[in-house]
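For reference, the structure discussed in these notes is given below.
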Amino acid sequence: MATYDLAVIGGGPAGLAAAMYGGMRGLSTVVFEAEAFGGQLINLYPTKPVTNFPGHTEIFSRDIAQRLADQADHFGAELSEWRPVQFVGRAAADFAIRLGDGGAGEAGAAPTNGHDDEITARTLVLALGLGRFMPRRLGLADEDRFEGKGLTYRLPPIERIDARHIVVVGGGDSALDTALSLRSVADVTLVHRREAFSAYAFSQQRLAEADIRLITNGEIVGLAGDGRLEQVVVALADDSTLEVPADLLMVSIGQVPELHGIERWELSLRDAHTPVSSAMEAGVPGLFAAGDFADYPGKVKMIATAVAEGSTAAASAERYLMSMS
């Protein structure tokens, strides 16, 4: 059974940053990801332009993910994707991690960097995010019928989109950035159930200047089409309805945490928000958390924040190991 100085569970920005800094600091490091490395950046919206990552006025989310993974690999971290963690227990002062088989992945390739079914680690960083990605749904009767036939919760590669009319639902940063990125390939309508948007002011300004139809105080209440989606029905605040052509409906209204089973891990975890100290300590000796899974007062959820938290967690893991030697 292999033993590592540092194991990281979760291959999003926080987890990859933790793995990179662990490798830089000379720690034997492994990171496990249940899907493809990059977390939401790859698995939900790989071609969404990101405008709030330092050093880049605009960069595709997939490029951030790839560069973080490449850098972690460069500094010696072992990267294992499509390898979900089934259980974490204790082996004396260490952590015993039991792995599952994530299958071949979307591209049909075998899981990378095969490992035994169980490894041990002296320290552990939880960068689980919201778990496996479970998009928040609209709650419509025809939703299942049109999923994959014009309705999607994950932004397809823009170069593969063949649609004349696209409707995006949501009012946060992901929804606005998605709408702005799609306007180059189709007519875009953005539907939001409130008057005000929660996205950054910069994104709202870009939206105001773009050729995008806005429907605020509106809610999608119906889907229609013969085999594939052709239009959506929007209910307005005045109780009237509006039929909007839609070859593609991109739903971007948030994620539902899917972390089934972690409450049985021997880590005293309760839910998707684990309280941490400023050093990313998670209440168990040698255990740290970073990214969306970590919670503390004043937290700002950004990719840059996740990267900073991951590096802090790795530094804290190194200090812990030095204190135990």
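My numbering applies: residue 1152 is where the sequence shown begins, and numbers increase by one. Each residue gets a CB set at the ideal place from its N, CA and C atoms; glycine is no exception.
From the options, residue whose alpha carbon lies closest to that of residue i
i: D1338; options: V1159, T1180, T1456, A1397; result: A1397
i: R1344; options: A1386, A1361, Q1382; result: A1386
i: M1285; options: T1303, L1230, F1226, E1346; result: T1303
i: Y1471; options: V1451, M1431, L1279; result: M1431
i: L1438; options: M1152, E1360, H1207, E1417; result: E1417
i: I1413; options: G1449, K1452, T1463, A1423; result: A1423
i: E1229; options: A1314, A1168, I1363; result: A1168
i: I1160; options: V1182, L1178, M1175; result: V1182
i: P1164; options: T1271, G1461, G1173; result: G1461
Alpha-carbon to alpha-carbon, residue j and residue i
i: I1309; j: L1333; result: 7 Å
i: P1235; j: L1327; result: 31 Å
i: V1384; j: R1296; result: 16 Å
i: L1400; j: R1273; result: 46 Å
i: F1246; j: L1420; result: 14 Å
i: G1434; j: V1427; result: 7 Å
i: L1380; j: H1411; result: 32 Å
i: G1162; j: G1190; result: 6 Å
i: P1200; j: A1244; result: 43 Å
i: E1186; j: A1459; result: 22 Å
i: L1192; j: G1323; result: 16 Å
i: T1340; j: H1207; result: 27 Å
i: L1250; j: G1177; result: 24 Å
i: F1204; j: A1455; result: 6 Å
i: E1269; j: A1464; result: 23 Å
i: I1312; j: L1306; result: 10 Å
i: A1388; j: S1335; result: 30 Å
i: G1321; j: T1367; result: 10 Å
i: D1252; j: W1233; result: 7 Å
i: S1403; j: S1325; result: 7 Å
i: M1453; j: S1429; result: 17 Å
i: A1375; j: Q1382; result: 5 Å
i: P1448; j: V1407; result: 22 Å
i: G1373; j: L1365; result: 18 Å
i: G1259; j: L1358; result: In this prediction, G1259 scores a pLDDT of 34, lower than 50, which makes its location untrustworthy; the coordinate-derived value is nonetheless stated afterwards. Those two C-alpha atoms are separated by around 38 Å.
i: D1156; j: T1180; result: 6 Å
i: P1262; j: S1476; result: Reliability of the predicted coordinates at P1262 is poor, the pLDDT of 43 falling under 50, and the value obtained from them is presented with this limitation in mind. Each residue's Cα considered, the two are about 34 Å apart.
Element boundaries [beta strand (DSSP E), containing residue i]
i: S1231; result: 1229-1232
i: A1386; result: 1382-1387
i: G1173; result: Per DSSP, G1173 belongs to no beta strand (DSSP E); it is in the alpha helix (DSSP H), 1164-1175.
i: E1184; result: 1180-1184
i: R1421; result: Here R1421 belongs to no beta strand (DSSP E), and DSSP marks it neither H nor E.
Sheet register partners of residue i (DSSP bridge)
i: L1400; result: L1302, V1318
i: L1275; result: A1158, L1438
i: E1208; result: As written in the sequence, residue 1208 is Thr, which differs from the Glu given in the question. DSSP, once it has assigned bridges, lists no residue as partnering T1208.
i: Q1406; result: P1286
i: E1269; result: R1249
i: L1393; result: V1385
i: L1341; result: V1319, L1365
i: E1370; result: A1386
i: A1242; result: D1245
i: E1432; result: F1439
i: D1446; result: P1426
i: V1451; result: V1451 is not bridged to any residue.
N- and C-terminal bounds of the alpha helix (DSSP H) containing residue i
i: A1247; result: Counting along the chain, A1247 falls outside any alpha helix (DSSP H), though it belongs to the beta strand (DSSP E) covering 1245-1250.
i: T1463; result: 1454-1475
i: T1329; result: 1324-1333
i: E1310; result: Unbroken run through E1310: none, as it is neither H nor E.
i: D1295; result: 1294-1297
i: E1360; result: 1352-1360
Closer than 8 Å to chain B by CB, residue i
i: F1439; result: In the displayed structure, chain B is absent; only one protein chain is listed.
Residue i beta carbon near the ligand GTP (any heavy atom closer than 7 Å)
i: G1405; result: Here there are no bound small molecules, and the ligand GTP is not part of this structure.
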